[in-house]
Structure formats: C-alpha cells, structure tokens
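**Q** Position one of the sequence shown corresponds to residue 162 (my numbering), numbered consecutively onward.
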Amino acid sequence: MADLHNQSTARLLSTAARLTEYRFNEELNDLGLSHTVLTVLAELYRFGPASQNDLARNLRIQPQTLGATLRRMESNGLLLRNPRANDRRVMDVLLSPGGARLLHKAREAENRLTNEILPDQHRLRISLLELIDSLSVKRWPGQKAPAAGRGTAANP
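1) Can you tell which of 292, 302, 299 and 301 has the C-alpha that lies nearest to the C-alpha of residue 170?
2) Is it a yes or a no for the stretch 255-272 touching the stretch 174-193, going by three-plus beta-carbon pairs under 8 Å?
3) In three-state DSSP terms, what is residue 281?
4) How big is the Cα-Cα spacing for residue 240 and residue 232?
5) State buried or exposed for residue 260, treating a residue as buried only when at least 16 other CB atoms are found within 10 Å of its CB.
6) Have a look at residue 323 and residue 279 and give me their C-alpha separation to the nearest angstrom.
7) Under 8 Å between the Cβ atoms of residue 185 and residue 285?
8) Applying the 10 Å Cβ sphere with the 16-neighbour rule, what's the burial state of residue 173?
9) Per DSSP, which residues does residue 243 bridge with? Please list them.
So, in structure tokens, the structure goes:
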C-alpha cells in the first residue's frame, strides 16, 4: 500500500470511504442486497410512499434508471406499488414488510461494522455531516443539502 502519510486529506477521505464501502458491500452481499437497493429501501422508510418520479428526484437519479431497480425489488417482495388514492394514474411505491425487515437487518450490519471500524465515531460523524452539507450547498445551489436532516447514527 502507498505511503498514506504523504497523501492529501481529500485523498485520505476518499481512500477511507472506498475501503469502508467495500467492507459494507460485503455485508450487504451476505444479505443479498446492493447499495442501490438499500438506498431505495431507506428512502421509502424515511419518507413513505412516493411516485417513481418523486423517488428518483429525491435520490437524484433519472426515473428510467430507477425503474429496473424497482421492478426487481417488487419481484423480490421488497416493495409494493399501489395506485394513488386521489389520482389512480399515479402508482405509489412503498416499502413492503419484507423490505422493512431487510432494511432493519442491513442497519444492524452497518452499525456492527461501524462500531468495529470506528468505536468512537460521534465527532467524525458530525464533521462529515458538516462537510457534506457545506459541499452540497456549493454543488446544488438553492436546494436543501441532501445530508441536512437525513439520517442518524442508526439510520443510513
């Protein structure tokens, strides 16, 4: 491995993030999940039912890109699609009980891994959230920063 002591802080953050994500992806694979599916499950859990278009906008991806993922998730019993009560042309996507159980298992795995990697993580989390909020405002001017108000130590 390269001499990390001579790397910039940005490079160290990037390396730490990649290695942490690699370990977390191993945990997700053991549960039969991908990071994308976990992100969709977490979004539906936090904010409730949403149309495919609204969900894609919240996740900052194209609705067409999300469509194939949602179809796979629905066929695997992780989500449901129901017509919206006030406009039956719109199909709302919502978390199924099976999706909620799998999300809970993924969160447990993430918490276990995080505590293993960083037993004293509170200050780092605060610093990272502040950094993400600051950089998000520059990247998406005029919009609420994606990290602001989302997630806690126990909720991705």
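By construction, the Cβ of each residue, glycine as well, lies at the ideal position given by its N, Cα and C atoms. Since the structure is predicted, the reported quantities are computational estimates derived from the model, not experimental observations.
**A** Taking the geometry as given:
1) 292
2) yes
3) coil
4) 9 Å
5) buried
6) Residue 323 lies beyond the residue range present for the chain, which begins at 162 and ends at 317; the question has no answer from this structure.
7) no
8) exposed
9) 253
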